[in-house]
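*Asks:* Mind looking over this structure? Questions follow.
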Amino acid sequence: MLRFQPIFPVVAAVLSASAAMAQDSATLSVEQSADYGQYIVGPEGKPVYMFTTDTQGDGGEPAISCTLEPCLDAWPLVTTDGEVTVGPELDESLAGTFSYEGQTVVTYNGWPLYTFARDGAGQPPQGQDVHSFGGEWYLLGPEGEQVEEAESGKNGAAE
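Okay, so the sequence shown: first residue is 11 according to the working numbering, each after it adds one.
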């Protein structure tokens, strides 16, 4: 006799894990480093990144291209269950959100925001100018544009 196990507990566990990663509110602020100048940090003080293969929501809906689990494990989306607030160095009108697969993804200047799994709060960014998953990852500056490559030539790999 075949026995079927209900999948509802597994689905519930996955959904609750996803919800646990979302912040009640997302605060964006600015950090400064000798290597990269000013760059945006998000929840927990982790640097945020933009992905060059994403579609910037310049007046429209942004689109993410980092959609598979290996990519999202290395580069988690910045999500929120509430409002997005910004520090005094940032332009509040550039902060926003959009819906992606039941999550509220945080944006800045229309770019969907990601963190990098190798980064820690208060530590130097590890994901600047990383080439992986078919594109390049860059820190985002206060103007909402990618931070140019550091003169130190720092680069990493995430695939």
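Yeah, the Cβ is synthetic: ideal placement off N, Cα and C, and Gly gets one too.
Here the structure is a predicted model, which is why all the values come from computation and not from measurement.
Can the beta-carbon of Thr90 be found closer than 8 angstroms to that of Val116?
*Replies:* In this structure, Val116 lies closer than 8 angstroms to Thr90 by Cβ.
*Asks:* So if DSSP puts Glu41 in a beta bridge, which residue, or which two residues, is it bridged to?
*Replies:* Paired residues: Tyr49.
*Asks:* Could you check the C-alpha separation between Trp121 and Glu111 for me, to the nearest Å?
*Replies:* Their backbone Cα atoms lie some 17 angstroms apart in a straight line.
*Asks:* Could you give the distance in angstroms between the alpha-carbon of Ala36 and the alpha-carbon of Gly144?
*Replies:* C-alpha separation (whole angstroms): 28 angstroms.
*Asks:* Here's a check: name, in chain order, each residue in its chain whose Cβ is nearer than 6 angstroms to the Cβ of Glu169, leaving out the five neighbours to either side.
*Replies:* Since pLDDT at Glu169 reaches only 44, below the 50 mark, its modelled position is unreliable, and the value read off the structure follows with that caveat. Result list for Glu169: Ser142, in chain order.
*Asks:* Buried or exposed: which applies to Gly130, given that a residue is buried once 16 or more other Cβ atoms fall within 10 Å of its Cβ?
*Replies:* Answer is exposed; the Cβ neighbour count stays below 16.
*Asks:* Which of the three DSSP states, helix, strand or coil, is assigned to Glu146?
*Replies:* Strand, per DSSP.
*Asks:* Using CA coordinates, which residue listed in Glu155, Glu54, Gly137, Ser75 is at the minimum distance from Thr65?
*Replies:* For Thr65, the nearest C-alpha among the options comes from Ser75.
*Asks:* For a test of the three-state rule: what should DSSP assign to Ala105, helix, strand or coil?
*Replies:* Of the three classes helix, strand and coil, the one that applies to Ala105 here is strand, per DSSP.
*Asks:* Measure the C-alpha to C-alpha separation of Glu41 and Gln136 and round it to an integer number of angstroms.
*Replies:* Approximately 14 angstroms, taken between the alpha carbons.
*Asks:* Out of Leu104, Thr114, Glu102, which one is the CA nearest neighbour of Pro86?
*Replies:* Nearest option by C-alpha distance: Thr114.
*Asks:* Quick one, which of Asp83, Glu71, Pro53 has its alpha-carbon nearest Gly92's?
*Replies:* Among Asp83, Glu71, Pro53, the Cα nearest to that of Gly92 belongs to Pro53.
*Asks:* Have a look at Gly67 and Phe108 and give me their C-alpha separation to the nearest angstrom.
*Replies:* Each residue's alpha carbon lies about 9 angstroms from the other.
*Asks:* Could you pull the DSSP bridge partners for Leu87 from this structure?
*Replies:* DSSP lists Tyr124 as partners of Leu87.
*Asks:* Using DSSP bridges, identify the partner residues of Ala36.
*Replies:* Val94.
*Asks:* According to DSSP, Ala73 sits in a beta bridge with which residue or residues?
*Replies:* For Ala73, which the question treats as bridged, DSSP gives the partners Thr65.
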